[in-house]
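Using this note's numbering, you'd call the opening residue of the sequence shown number 492 and step up by one each time. For each residue, glycine too, the CB sits at the ideal point set by N, CA and C. Right, one structure below, let's go through it.
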Amino acid sequence: MKQTVRPTTLLESLFGDDFMNNAGYGTGIDIYRENGSYYVEIEMPGFEKEDIDIEFSGDILSIQATRRESEESEAKNYFYRSRNQRNIKRQIRFAEVDANAIDASYEQGVLQITLPTKVEEQNSSKIRVQ
492 MKQTVRPTTL LESLFGDDFM NNAGYGTGID IYRENGSYYV EIEMPGFEKE DIDIEFSGDI
552 LSIQATRRES EESEAKNYFY RSRNQRNIKR QIRFAEVDAN AIDASYEQGV LQITLPTKVE
612 EQNSSKIRVQ
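What follows is the structure in structure tokens.
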């Protein structure tokens with residue numbers, strides 16, 4: 492049986508993490524499996540739906556979002572500013588996902604992605620004893 496969500500290796504934990512890219516550090520993420528599907532929930536407050544880009548290619552789910560400043564914000568002469576443009580980028584490897592059935596929604600600052608798993612066909616045949 493294939494691993495369904497690939498864990499990090501010791502080398503990756505020491506020198507970088509390609510399982511979960513750390514851009515957007517501090518973004519809460521939960522991944523779980525239930526009823527034949529994987530579920531990904533990511534806290535992304537302050538983003539609009541239009542800011543979020545989700546792609547599934549091969550066996551990798553890529554999530555990217557950029558919160559852009561409004562033109563009004565750019566026109567102000569700030570002397571202190573802690574709310575700025577923010578980027579989030581995550582990549583998660585899944586096995587046996589039905590890419591055509593993936594669904595996503597974004598409500599109240601939480602992105603929810605459902606990734607149904609592929610149903611393997613059970614081929615049965617009668618075996619004759621010789």
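Residue i - DSSP class collapsed to helix/strand/coil
i	result
Glu-587	coil
Asp-550	coil
Lys-580	strand
Glu-539	coil
Glu-534	strand
Distance between beta carbons of residue j and residue i, contact taken as under 8 angstroms
i	j	result
Ile-583	Met-535	About 15 angstroms separates the two Cβ atoms, so there is no contact after all.
Of the listed residues the options, nearest to residue i (C-alpha basis)
i	options	result
Ile-533	Gln-599, Lys-567, Pro-607	Gln-599
Ser-596	Val-620, Asp-544, Arg-581, Thr-518	Asp-544
Thr-608	Ile-520, Asn-568, Thr-518, Asp-550	Asp-550
Asn-591	Thr-518, Asp-542, Leu-552, Gln-621	Leu-552
CB contact flag (residue i, residue j, <8 angstroms)
i	j	result
Leu-606	Tyr-529	yes
Arg-558	Phe-585	no
Ile-520	Arg-581	yes
Ile-618	Val-531	no
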